[in-house]
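Asker:
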Amino acid sequence: MKRCVIIGAGDLTISEIPVREEDYVIAADGGYSYCKVLGLEPDLILGDFDSVGEEEARELAAIQAQDPERVIVLPVEKDETDMLAAIHAGLEEGCMEFHIYAGQGGRLEHTIANIQCLIYLKECGAVGYMIDGTGMILVAKDETVSFKPQTEGYLSLFSMGEKARGVTIRNMKYELHEAEVTNSFPVGISNEFIGEAASVTVKDGTLAIILTWG
């Protein structure tokens, strides 16, 4: 499965991003600055770049002059976010697994929008993980998500629609069986891994699953 690594413009809370040679790396807008700090060479640099400084603007112009397809300048006024545009670019490259960094923090509306992007990926038949230094967010839709016995920390889940039915949590501190989880009652907060192979199942609906490392 071809993997896309996207570096966004949110808060970067890690000092290294694992990238394989075959990965398709996208810097989404301000993520270009993070790529420079981390020593990453993105395959694509994309965004409206409305907040970049003069020095970076010159750098991007030079890159675009040398390789026009490597830099995509988006209009400031547009329907989709820079992150969603980056996801579209990754999908066009044939990527079906997405690792998103610096997708949280900063303005709350952008974090929520990026969680919705994970749902969009799921609806496209792909899978996305939004990763930072404290944990990871993923989406489950009509499926079972499994976790290895060595996973540590906490797991919280939220219904992304009005209801998620048939929710089962196995081999965690607080188990659940065939439950209905709604978007108006936060029942799935701060469950704990207990050193066993655990799983979360949702038979009908979409869950946002938030892992917080121990």
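In this text, residue positions in the sequence shown follow my numbering: the first is 20, and each later residue adds one.
Heads up, the beta-carbon is just placed ideally off N, CA and C, and yes, glycines get one too.
Spatial neighbours of Gly113 within its chain, please: CB distance less than 8 Å, with the 5 preceding and 5 following residues excluded, ordered by chain position.
Answerer: Along the sequence shown, read from residue 1 onward, the residue named residue 113 stands at position 94. Excluding sequence neighbours, Gly113 sits near Lys21.
Asker: Hey, quick one: how far does the beta strand (DSSP E) through Ala216 stretch, first residue to last?
Answerer: Start at 1 with the first residue of the sequence shown, and residue 216 comes out as number 197. Premise fails: Ala216 is in no beta strand (DSSP E) and is neither H nor E.
Asker: I want to know whether the segment 136-143 touches the segment 207-220 - three or more CB-CB distances under 8 Å.
Answerer: As far as the Cβ criterion goes, the segment 136-143 does not touch the segment 207-220, which means the pair count is below three.
Asker: On a CA-only basis, which of Leu63, Leu230, Arg89 is nearest Glu171? Give me that one, please.
Answerer: Numbered from its first residue, the sequence shown carries residue 171 at position 152. Comparing Cα-Cα distances from Glu171 to each of Leu63, Leu230, Arg89, the minimum goes to Leu230.
Asker: Pairing CB atoms from the segment 141-161 with CB atoms from the segment 212-232, are three or more of them under 8 Å?
Answerer: Enough Cβ pairs lie closer than 8 Å, so yes.
Asker: Along the chain, which unbroken stretches of the beta strand (DSSP E) at least 3 residues long are found entirely within the segment 66-119?
Answerer: With a minimum length of 3 residues, the continuous beta strand (DSSP E) runs that stay inside the segment 66-119 are 90-92.
Asker: Along the alpha helix (DSSP H) that carries Glu128, what are the first and last residues, could you check?
Answerer: Indexing the sequence shown from 1 puts residue 128 at position 109. First-last of the alpha helix (DSSP H) with Glu128: 127-142.
Asker: Which one of Ala227, Arg77, Ala28 has the shortest CA to CA distance from Gly125?
Answerer: Here residue 125 is taken as the residue at index 106 of the sequence shown, counted from 1. Comparing Cα-Cα distances from Gly125 to each of Ala227, Arg77, Ala28, the minimum goes to Ala28.
Asker: So for Val200, helix, strand or coil by DSSP?
Answerer: To locate residue 200, count along the sequence shown from 1; it is residue 181. Val200: strand per DSSP, three-state reduction.
Asker: Rounding to the nearest angstrom, what Cα-Cα distance links Ala47 and Tyr53 in this structure?
Answerer: The residue given as residue 47 occupies position 28 in the sequence shown. The residue given as residue 53 occupies position 34 in the sequence shown. Rounded to whole angstroms, Ala47 to Tyr53 spans 10 Å at the Cα level.
Asker: Thinking just about the alpha-carbon of each residue, which of Ile156, Val95, Glu199, Arg39 is nearest to the one in Ser70?
Answerer: By 1-based counting over the sequence shown, the position of residue 70 is 51. When each option's Cα is compared against that of Ser70, the closest is Val95.
Asker: Assuming the contact rule is C-beta atoms closer than 8 Å, Leu79 and Asp101 should be a hit. Round their C-beta distance to whole Å, please.
Answerer: By one-based count along the sequence shown, residue 79 stands at place 60. By one-based count along the sequence shown, residue 101 stands at place 82. Wrong, their Cβ atoms sit about 14 Å apart, outside the cutoff.
Asker: Sorted by chain position, which residues of the same chain lie with C-beta nearer than 6 Å to Thr32's C-beta, five sequence neighbours on each side aside?
Answerer: Numbered from its first residue, the sequence shown carries residue 32 at position 13. Cβ neighbours of Thr32 beyond the five flanking positions: Asp151, Gly152.
Asker: Would you kindly report the start and end of the unbroken alpha helix (DSSP H) that includes Tyr53?
Answerer: Indexing the sequence shown from 1 puts residue 53 at position 34. Tyr53 -> alpha helix (DSSP H) spans 50-57.
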